[in-house]
Each structure stands twice: as structure tokens, then as C-alpha cells.
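First to last, the protein sequences are chains A and B. So in the working numbering the end of the first sequence lands on 446, straight run, no missing numbers. So in the working numbering the end of the second sequence lands on 446, straight run, no missing numbers. The block underneath contains the structure these notes are about, expressed in C-alpha cells.
Number of protein chains: 2
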Amino acid sequence: MKERTLIGELGKHVGKTVSISGWVNVRRDQGKMVFFDFRDRSGKVQGVTLSDSPALETAKTLRCEYVVRVEGVVNKRPEKNVHAGKQNGDIELEIKQIQVLAEAESLPFDMSESGFNLDLTTQLDHRALVLRHPRVRAIFKVQNVIIDSFRQFMQSQGFFEFQAPVITPSVAEGGAEVFEVNYFDKKAYLTQSPQLYKQIVITAFERVFSVNKIFRAEPSATTRHLTEVVSLDAEMGFIESWKDVRDMSEDTIRWILHKVQRLCAEELTLLEATLPVMTEKTPTISLTEALEKLGAPADKDLNPEQEHRLCELIKTETGSDFVYVYGYPTRTKPFYVYPNPENPEFNEGMDLLCRGVEWLSGGRRINDYGQLLKHVKEWGMDPDKISMFLEAFKYGAPPEGGFALGAERMTMQILGLKNVREASMFPRDMNRIDTLLHGNDTSEN
Amino acid sequence: MKERTLIGELGKHVGKTVSISGWVNVRRDQGKMVFFDFRDRSGKVQGVTLSDSPALETAKTLRCEYVVRVEGVVNKRPEKNVHAGKQNGDIELEIKQIQVLAEAESLPFDMSESGFNLDLTTQLDHRALVLRHPRVRAIFKVQNVIIDSFRQFMQSQGFFEFQAPVITPSVAEGGAEVFEVNYFDKKAYLTQSPQLYKQIVITAFERVFSVNKIFRAEPSATTRHLTEVVSLDAEMGFIESWKDVRDMSEDTIRWILHKVQRLCAEELTLLEATLPVMTEKTPTISLTEALEKLGAPADKDLNPEQEHRLCELIKTETGSDFVYVYGYPTRTKPFYVYPNPENPEFNEGMDLLCRGVEWLSGGRRINDYGQLLKHVKEWGMDPDKISMFLEAFKYGAPPEGGFALGAERMTMQILGLKNVREASMFPRDMNRIDTLLHGNDTSEN
């Protein structure tokens, strides 16, 4: 057969004989003729095996998901059969030869675009197969663009990418909800955040980012919890104030949304998703102001219901789907968060809310070694367990801050998915690692 | 003070007053005048505080690694003081104002470029500080380019990036040297390879890659072992033969070397590194041919000494630092490797050797479901433990293959580093996770 042509390129080959490779997406046997939709990574095309085609016999044996190589002629469709606006809607492949590259067993459920209506458990039980569905592929295309555009934007702003470690020696920020690893004859832990590492690395590279896995052993099976997620982390030195961090994070989100809009128009349509509105300058209010606006008493944080209401109020007032909330009580946040010098009871940490939930958090950090040591003691931590971190600040660290966002959560929120598991290709939770864990004794390995 | 100018941009501001921010790299107090080298992420510049400068008093209090903001005038140097070919070698900053952003304690050792001569243990004991040294930063600049150019090249070839999981449910490819995670009331494991996941994902996306962490619990502390490394993985469907995989991997390495050459010239000079030579077509020989060439008896693999000698022979014969070796005994390799149909005792796996060690391995995989099941049984594996993987092949998978390379090992080899720990920003081994593990009881957390 001829060299492979991608299905997305067929429009350039009208009147020519080509060879395509891909999967049987749909087969419609009409007796004398057999129609197909074929699918490869670049798209879909209709094929027809006419009654006099030498491939007719083979065509009749094919089923959905068979992998085939097909030689045929690219024909213009008659005007009345043109599907305007659809990929390859004006052409058709007249099939001359079919070579079966791999067979497929009968599908356990309907995988067609219109018939696909599985509950999430079934989807995850058959993740390997379900990944092929256009709706599911669309989710990961969007996630891909989120992650890739994050890296692009960071690089464009002079940020250096580093590889944050997964295995950590101790639990720096509190011991709850951490996974323990049997590390030779010792214990180690899966990282909950690259926070301390990115703060170290800015003292050598000034501006750094990482795309890394973080882990939470949360014994809860809600629609918002995964045990393993992708964290997009940034940290920057030589800031004037926490507002530089806010601005950089805002520009980052704006860039990501712009790229998703531009590169995923088709996917957004398929998933019926509408991107949130980011106005020219995202509204930014203190926690105290936010609580006042909500008519709520002073508190250390917003609860989920308040987050929702605040987003609605801001949307009505300004048209923005996003709002920054800053200035949390210092003692309720980690030791490294920078207290406001004029009012040290409140810190210069911030969260970005959108559509009722947190998308991103960050803020300014303490860079003065003496102040950092004082906080370590006040927070009741053991300085020996973070000695490497402290060394970075002992020898001169610039005023700095940073932010982090979760790739799965952002994917979920952008696309309006109901469960964060849909936004993870291989979601892990307390009940599932690929397959369900109960009745699946992995302890014998 | 004025807005910050990056040190690397100072050449554009001759005669002007500017403000820079950075670290004191060197201070030379000559009594009436104080000279500095300042450093930021973009480079270095000499500064001078003249005897009549209002900043003289502050200048005398500064020490190495102080973080400062400095305002001054960019002056051309007199001809006799020009350092040709050196960044900012023709200018000097005449210091008018100094603001100390953060102090630094006295350094525990000489951090100057010429005086830096620490054993690796001391370097790792002070990783946070040592990361600032230009030699160390240069290593990670090169690693960064390796990883980033891998992604770029994969994207240019239509590969889709996916996030391979860290937590795995069972030990698919043999239980030795795997880290166990206490996963709620069950056991889980840290991934040793994204192999099975990338094979699943190509059945939806055809061509995929990932940059991911893999883990080996090897109880050995050699110069080549880390417990956590970055793996660069690729997998592609619709290949004609394993040679398509070889060619793609060759093009990938060629592209990475090209980018390192182009973007890291300065770093390569600093580290006195020479890139290996990749000729127009990398020599490719079977294991049997390789052993014959070495005058060695038939065997299931090359030993390290044979790998070295083979590379030397090939270099002498062809000028190539690289050589592909393919065709290993089928039963000595994992179940998924594709046996040569004409001689099933040997498989279509391959390794790329360079300068005596393996840089990359890969090959064609079995895509036929029946053949795969047969292998699973012959290899004595439990199909239930890889049911998700098997499902991908049950429903039609194209002929496929892929490859993987380790980012730290490639960094080490390209730069001629003596120990792979130098090529990991935060190296983990059986004795160290940031700090040494003995005498550091982490079990109390």
C-alpha cells in the first residue's frame, strides 16, 4: 500500500488514491454497500465500500474499533450529501483495499457520540477503552493546553523550570493527610507541595516554575478529591509587594484562558463549556471586606457557601467571574506566609476564586532569615527538619512570593465537569487506583 | 529608586542611571573604593563605589550573598580595563545608592568561581546554597534544555503529552526494587515506569509522550543510582516495524543535542563538556553481531565492559559516539516486547549506547491481544493485575512501539559528570533525602 496519509489531510488529495490508517469508528452495512467512519489522531472521514469493490468481503467482517489500513480514492461528495462545517464533510473515501491491523472484541457498551451515556464508575472501570471517546479525549486536550500554556507563559516571563521531588524526608507543614513510603529501613513521605523547594530554588534562579505531582491522603471520596494531582507552581524573587505575585498569577490565568479559547474551540463546543470572564483588572478585596460584603461576622476564612455568594456578587457588580481575596489571619496559615508589616495579625496570602471555588492560591513569603526562624518556633516546628530550606534564607534571599494551581481542578472548572475524576486520566482516590481497591488484594505482592 | 533593569540588559543603558537588584557575588574593598560583582538571573556586572559616593559606608558593610538593590550610572570602561568576550566586560556600574534587601551570614566555604572545590557530600549537605554556584546552575540549565527540547520535538511530531501516574496498584513487571506506599488500609507502589500507561494512551491518542518521575528502590549507593529520576517517555502507534521507533528516537536525541549545542554553549564551555558525535545515520547492530564483533560468546546481554568496548570499536570504525543494539533474547525481557516473527527467540527491543553506557531503550511492543495474553501467561503474570492495560488491546490497538530515556543520566553523560547525583537538583538515594538519613530519625512524624 501507499504511504500513510493522515485523515485530517485528505482534503488536499481529492481525486487521488491514498492510504489511511486508523480505527473503525462506525460501520453501517447496507447490504450492497458498507459505509464507515474511520478515525485517526487527526480526525474522521466517511468511507464507502461499493458493491464492486474487491474490499467488500473484508468490509463486512469489520467491527467497531478494528484497526485498519485502507487504500481508496478521495472523492468529492455530491452537493446534496455535503455536511457543511464538518471535518471532511465534503469528501468521501471510496475503498479499494482493507488490511486489518488488529481486531477488536465486541464493545461492552455504546461508544458512539450520541449514545455515550455512562455513569462515572463504569467509565473508570473501562478507562482504557473510554479514553478513545471524543468527549473524553476533548477533556485531556484542554488539560494539555492548560499545562503547556502555563509552561510557555512562565518561560516567556523568565521563569526557570525545575523538577520538584516527590519523595520528601519529613512532613514540613503538618502531618495529616500525608502518604508514608517504606524507604529502605526508614520512613519517607509523598510530597504535599513543592512549596519549600521552589522557595529554595528562587534563591539560585530568581524565578522558577514546576509542573509536578502532589499527594493528599484525604480519606474522603467527594467529587473534589483525588489523592494524586498535577500542581502548576511558580515562585518569583525581587517583588515589591504581594501585588506583583497577584499580577503575575492574573497574567498567567489570562494567558491560559486565551490559549484554551484559541486552541480548543472545537473541544469547548463539544463539551458545551463556556470560559469564565476575566475583566481587564480582576477585582481584589481583603477577607475582612469580603465578609463585610456578605454581611458575615469576622472569620478566619470564607466557607464554601460564602465563596459561592461572593463570586455571584462580584459577577453582578463587575462582570468578572474572578475575584482575589487577600489578607488572612496570620496564625491560621503556614509559617512562611508574610505578615502585613502594618497589621501583622493579617498576612499577605491570597486566593483566586472563580465560579464559587478556589482556582489558585499564593502570596508573599517571609524572606528575612530572623523572621522566618521566629515563625518556625512560634508555629512549633522543628528547624532541623527543614534545615535545607532554612539554609537558603540564611545566606540571602530576596523579597519573594509565588502561587500554585491544580491542573485537574482548573480543567474541571473550565469545562464545568461534575467530578474531578473526569479531569484525571488515571484518577486515584481512597477507593480506586485504576481498578477498585476493595476485593482487589494488592497486599500479596 | 528607579524600576529594575536586568544586569544582562545594562549594555543598552550606557551613560544612564539605572537600578539593579541581585546578589553580591564578590566584594573587593580597596579602602577608598569598594568594588563588587553583582549577580542576577541574567548575569553579572562589576560595580564600583567611589570614595565620594554617598553609598560608600553601606558598601563597606556588605558581604557575599547579601541581596541588594543598587542605583548607579552605567559607564564605559577605559580601553585598558575592558574584558573582551566577557558579559558586561566593557561597562561598569558607578554606585550611587545601595539598599540592602536581605543580609547573609558568612559563607561556610569559598563560593567563588575559582575557589569552588567541594567534595560531593559537602555540596549535597549544602545543596540550597551550592545551587547558586555557576557550575551547578549550568548543569541544571543543560538539563532544562534536554527536557524542554524533548517536549518540543515530540510535539512537533504530533505526540500528545499525558500525565503518567506515580501511584500504582500493583507491581506489573516484577516485584523487586519497588517502593511500597501505605495507601489508607491497603498497599500501593511508586511507579517504576509509565510503560503500561503509555501503551494504553496510544490506543486513544496514537502518539504520546510524558515527562514523569519513576522510582527504584535499589539498595545500592553507586555513582549511577538514584531512587527518584525523571523519565522522558514516548510511544507511537501505526509503525511499520521497530525501525520506525529507532528512527524517531534517533531524531529525538539529535534534536536534543542540537538544542543543547545552540542554547548552552556557555555552560558547555564552563563545564568543559563536549557533545557526543551523532553521525548522519547511527550504526545499528544486533546483539549477536555485537558479541561476535567483541569476540564474545553468545549471551543474553552486553555487560558494562562489553558496552564500553563496543562503543570504542564503533567510534573507531564509523566516527559515531552512538550505536543501537537490537534483538535481545525474548525470554530475558518483559512480556510486552515484540518477538521477531521470523526468529521469535529474539525480540525487537533495542538500546542506544553512547560513550559506553545505555542512554535510551525501547522497541516494538506486542499489539495483538491474543499474543499478549499468551505472553502474560508464559511470563507467569496475573492478568487481573493488569486488566486495564489488557483492555486497551482487547478492543483494537495498532502496531506500536516506543522508547524512554532518563533525564539525569543523559545530563550526566552529556556533561561528563562523575556522579549522577550532580545531575539531580535534590538527589534521593538510599542514604539521603535532602539530608543524610542516618542519625535523622524521620519515623517519629
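From the three backbone atoms N, C-alpha and C, an ideal C-beta is built for every residue, glycine too.
Residue pairing by DSSP places A:R70 opposite A:S22 and A:Q100 in a beta bridge. Within the stretch 3-62 of chain A, complete alpha helix (DSSP H) segments of at least 4 residues are found at 57-62, given in chain order. The criterion of a C-beta distance shorter than 8 Å is satisfied by A:R422 and A:L125. DSSP places B:C65 in the coil class of the three-state scheme, outside both helix and strand.
A distance below 7 Å between beta-carbons, with the five flanking residues on each side excluded, links B:K142 to the following residues of its chain, in chain order: C265 and E268.
With a cutoff of 8 Å on beta-carbon distance, A:F404 and A:A235 are scored as near each other.
Only E66, Y67 and V68 from the stretch 61-88 of chain A bring a Cβ to less than 7 Å from some Cβ of chain B. Apart from the 5 residues on each side of it in sequence, B:K378 has no Cβ closer than 6 Å to any other Cβ in its chain. Spanning the alpha carbons of B:V146 and A:P298 requires a straight line of approximately 52 Å. In the structure shown, A:K301 falls within a coil segment according to DSSP collapsed to helix, strand and coil. For A:K214, a Cβ of chain B is located within less than 8 Å of the residue's own Cβ.
The shortest C-alpha to C-alpha distance from B:P345 to any of B:C312, B:G32, B:T331 and B:V358 is the one to B:T331. Taking a C-beta distance under 8 Å as the contact criterion, A:P399 and B:S52 do not qualify as a contact pair.
Secondary structure note for B:W256: its alpha helix (DSSP H) is the uninterrupted segment W243 to L264. A:Y190 is bridged by DSSP to A:T169 and A:E181.
DSSP places A:F347 within a strand segment (E or B) once states are collapsed to three. Here DSSP, grouped into helix, strand and coil, assigns A:G159 to coil.
Proximity to A:S113 across A:L130, A:L121, A:I99 and A:T204 peaks at A:L130, based on C-alpha coordinates. For A:L406, the enclosing beta strand (DSSP E) has its first and last residue at E401 to G407.
Between the C-alpha atoms of A:D302 and A:T412 there is a straight-line separation of about 25 Å. Relative to the Cα of B:S194, the nearest Cα in the group B:F163, B:S232, B:D186 and B:N183 belongs to B:S232. Ranked by Cα distance from A:K214, the options B:L311, B:Q158 and B:A165 are led by B:A165.
By the criterion of a C-beta distance shorter than 6 Å, A:T253 is surrounded in its chain by F154, once the five residues flanking it on both sides are discounted. Excluding its 5 nearest sequence neighbours in each direction, A:S287 has C-beta neighbours in its own chain below 8 Å: V326, Y327, G328 and F347, listed in chain order. For A:I257, the closest Cβ of chain B is not nearer than 8 Å. When Cβ pairs closer than 8 Å are counted between the two stretches, the stretch 383-403 of chain B is seen to touch the stretch 95-108 of chain A, the count reaching three or more. In chain order, S171 place their CB closer than 6 Å to the CB of B:K386, counting only its own chain and leaving out the 5 sequence neighbours on each side. DSSP lists B:F347 as the beta-bridge partner residues of B:P330. Relative to A:L361, the option among A:P340, A:S157 and A:F323 whose CA is nearest is A:F323. Under DSSP, B:C355 shares a beta bridge with B:F323 and B:V358. Across the structure, A:G73 and A:N89 are spaced so that their CA atoms are roughly 15 Å apart. Using beta-carbon distances, B:W24 counts as an interface residue toward chain A, with a partner under 8 Å. CA-to-CA, the gap between A:V167 and B:R429 works out to about 10 Å. About 5 Å separates the beta carbon of B:N76 from that of B:E95, a gap short enough to meet the 8 Å contact definition. Residue-level contact check: B:A266 does not touch chain A, since none of the beta carbons of chain A fall below 8 Å from its beta carbon. Taking a beta-carbon distance threshold of 8 Å, B:H376 does not count as an interface residue toward chain A.
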